[in-house]
Structure formats: structure tokens, C-alpha cells
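Trainee: Let me give you the structure first, and then I'll get to my questions.
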């Protein structure tokens, strides 16, 4: 690899580090750092990289658009906009450097890179509140259907006398960043063609379903074994439980979608 390409990769790597470190992650670091796996996974899924041997002509228009998005993101201090600018710039630079048809420049793995920045944890408070509110509402409905006496006040439930607060830790917001990475990787591996985009669009719904199952499980554990069971180690490990449930849900749904594709091809 020539020095120009090494310099280009280093520049984008440094810019990516800057986007990750521009705001302290604080207590959210343990939940958000797994999203960094998106970058080595991107390389693994798109390797081997085939570089051009002829002279390279950069698309300065595309690079200019990416730079404009980055400037906009910096001006409004928004990590998601900055992440979009980074992805656009990386793809524009890579298209000129790699042979035509290289998997690394496809838009699908670019979605994986976009999920590798901590925009959800830093700026997704509104989404986290919606996860909590809708999860509490759905849980209340399900507990009522199961025959329990339920009272609800926003994100606070009382189920058969047991208080159940769907607080920020139950929003699933921070774990959602890792969920998106894991789900996108599964979609890239299992879903061919346009069905990848269907699977990618389903990821928020699958994450919400996984988080609902966590809330319900906490409630059932509290009703069965007492409040201490729901607030102890079971609650502490709940984030990883949601991630595992999300992975299982994605596997089942995506394999079903992929199997239907194979049946259509062979029929």
C-alpha cells in the first residue's frame, strides 16, 4: 500500500477517534464501547480489499458534500450528522481508491459503519423516553391480559401491588447501539439483495421487542421471587440479556427471510 493511502486511512481513523472522544461517555461507556466492533467487523465482512493499480482521480464533489455535512454536524454539535459526514467522506475516498465492485464501497456495509459511532447514547434521549413510555404501556397491557391488577402512571407501573419503574436503565437506549451493530452484521451475512434494507429497517422494532421482554421478565421475577430478585443481579445483567434476546430475534427473523429467498429461487 502506498503512503498516500496509508495517510488517507490514518486521517479517517483520527477523525473517527475525534468523533468518539468529543464528549465524555461517562457511565454509558460500558454500553456504548461495544459499538466499536463495527469497524473491525466492517473490514472482516468486506475483505479482501482490492486497490486500484492505475492513477486515482478523486470525486471532489462527493468529498465536498461530506465535508459540508461534517461542518454542519460540528456547527449544530450533533454526533449523528457528524457520523453521516464521516461515512460519506470515507465512501467517496474509497470509491476512487478501490476497484469497481469492491464490497467495501457498498452502501450496505456503510450502514454498519454508521452504527459504529455513539450517537444514540449521546443524543437519543427522546428516543430513550419513547422506549420507556411505550414499553411501560405495552407491559401494562400484557400484564392486564394475564389477569394481574395493573395501575400505570407514565413509566411507573404497579402490578399486583409490586412497584415497577421503567427508568432510564430500562430504556434499552445504550444497549441499542450494540444491538444495531449486531443486527446489521447478521443482516449483511444472511439477507441478500434488497431484503437487507427490510431487515435493517426492522432492527429498531426487534430491539423494542427485546426490551419489552426484559421489562416483562423483570416484572414476572419480582412477582414470583419478590422485589429483591428484580432489583438485584437480574436487573444489573438485564442490558446484556436484552442484547442476547435481540441477537436471537434477529437470527430467527433474518433466517426466515433468507430461507424464503432460497425457496423463491429454487421453486
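Numbering (the numbering used here), first residue to last: 653 to 919. Glycine included, each C-beta is placed from N, C-alpha and C at the ideal position.
Do residue 898 and residue 862 have their beta-carbon atoms positioned less than 7 Å apart in this structure?
Mentor: In the chain shown, counting from the first residue as 1, residue 862 sits at position 210. In the chain shown, counting from the first residue as 1, residue 898 sits at position 246. Yes, Cβ-Cβ distance for residue 862 and residue 898 is below 7 Å.
Trainee: Ordered along the chain, which non-local residues of its own chain (more than five positions away) have a Cβ less than 6 Å from that of residue 802?
Mentor: Position 150 of the chain shown, counted from the start, is the residue given in the question as residue 802. 792, 795, 796 and 811.
Trainee: Just to confirm, are residue 788 and residue 818 a CB contact at a threshold of 7 Å?
Mentor: Counting from 1 along the chain shown, the entry for residue 788 is found at position 136. Counting from 1 along the chain shown, the entry for residue 818 is found at position 166. For residue 788 and residue 818, yes; Cβs fall inside 7 Å.
Trainee: What would DSSP say about residue 804, mapped onto helix, strand or coil?
Mentor: Translated into the one-based positions of the chain shown, residue 804 becomes position 152. Residue 804 falls in the strand class under three-state DSSP.
Trainee: State the Cα-Cα distance for the pair residue 901 and residue 866, rounded to the nearest angstrom.
Mentor: Position 249 of the chain shown, counted from the first residue, corresponds to residue 901. Position 214 of the chain shown, counted from the first residue, corresponds to residue 866. Distance between the alpha carbons of residue 901 and residue 866: 13 Å.
Trainee: Can you find the residues in the same chain that come closer than 8 Å, C-beta to C-beta, to residue 711, ignoring five residues on each side of it along the sequence?
Mentor: By 1-based counting over the chain shown, the position of residue 711 is 59. Contacts found: 744, 747 and 748.
Trainee: Using the C-alpha atoms, what's the distance from residue 909 back to residue 847?
Mentor: Here residue 847 refers to the residue found at position 195 of the chain shown. Here residue 909 refers to the residue found at position 257 of the chain shown. Going from the Cα of residue 847 to the Cα of residue 909 covers about 8 Å.
Trainee: Less than 7 Å between the C-beta atoms of residue 686 and residue 839, yes or no?
Mentor: As a first step, residue 686 is located in the chain shown; it is residue number 34 there, counting from the start. As a first step, residue 839 is located in the chain shown; it is residue number 187 there, counting from the start. Taking 7 Å as the Cβ cut-off, residue 686 and residue 839 do not qualify as a contacting pair.
Trainee: Could you name the residues that DSSP lists as bridge partners for residue 814?
Mentor: As a first step, residue 814 must be located in the chain shown, where it is residue number 162. Answer is 811.
Trainee: Report yes if the C-beta distance between residue 713 and residue 761 is below 7 Å; otherwise report no.
Mentor: If you number the chain shown from 1, residue 713 lands on position 61. If you number the chain shown from 1, residue 761 lands on position 109. No. Outside cutoff.
Trainee: Give the straight-line distance between the Cα atoms of residue 672 and residue 807, rounded to the nearest whole angstrom.
Mentor: Locating residue 672 in the chain shown gives position 20, counting from the first residue. Locating residue 807 in the chain shown gives position 155, counting from the first residue. The alpha-carbon atoms of residue 672 and residue 807 are separated by roughly 31 Å.
Trainee: Might you give, ordered along the chain, the residues of its own chain that have their beta carbon closer than 7 Å to the beta carbon of residue 730, omitting 5 neighbours on each side?
Mentor: On the chain shown, position 78 is the one that residue 730 refers to. Closer than 7 Å at the Cβ level, and outside the excluded window around residue 730, lie 775.
Trainee: If the criterion is Cβ atoms closer than 7 Å, does the pair residue 828 and residue 770 meet it?
Mentor: What you label residue 828 is simply residue 176 of the chain shown in a count that begins at 1. What you label residue 770 is simply residue 118 of the chain shown in a count that begins at 1. Cβ atoms of residue 828 and residue 770: not closer than 7 Å.
Trainee: Determine the burial state of residue 916: buried for a count of at least 16 other Cβ atoms within 10 Å of its Cβ, exposed for fewer.
Mentor: Residue 916 sits at position 264 when you count from the first residue of the chain shown. Unreliable positioning characterises residue 916 in this predicted model, as indicated by a pLDDT of 43, which lies under 50. The coordinate reading is nonetheless provided below. Exposed, because fewer than 16 other Cβ atoms sit within 10 Å of the Cβ of residue 916.
Trainee: In chain order, what residues of the same chain lie with their CB nearer than 7 Å to the CB of residue 737, ignoring the 5 residues before and after it?
Mentor: Against the chain shown, residue 737 aligns to sequence position 85. These residues qualify, in order along the chain: 718, 721, 722 and 725.
Trainee: Report yes if the CB atom of residue 689 is closer than 7 Å to the CB atom of residue 767, and no otherwise.
Mentor: To locate residue 689, count along the chain shown from 1; it is residue 37. To locate residue 767, count along the chain shown from 1; it is residue 115. No; because the gap between Cβ atoms is not below 7 Å, this pair is not in contact.
Trainee: Hey, how far is the Cα of residue 656 from the Cα of residue 735?
Mentor: Residue mapping note: residue 656 aligns to position 4 of the chain shown, counting from 1. Residue mapping note: residue 735 aligns to position 83 of the chain shown, counting from 1. Each residue's alpha carbon lies about 23 Å from the other.
Trainee: Please report how far the alpha carbon of residue 716 lies from the alpha carbon of residue 703, in whole angstroms.
Mentor: In the chain shown, the residue the question calls residue 716 occupies position 64. In the chain shown, the residue the question calls residue 703 occupies position 51. Rounded to whole angstroms, residue 716 to residue 703 spans 22 Å at the Cα level.
Trainee: Please state the DSSP three-state secondary structure of residue 868.
Mentor: In the chain shown, the residue the question calls residue 868 occupies position 216. Three-state DSSP puts residue 868 in a helix.
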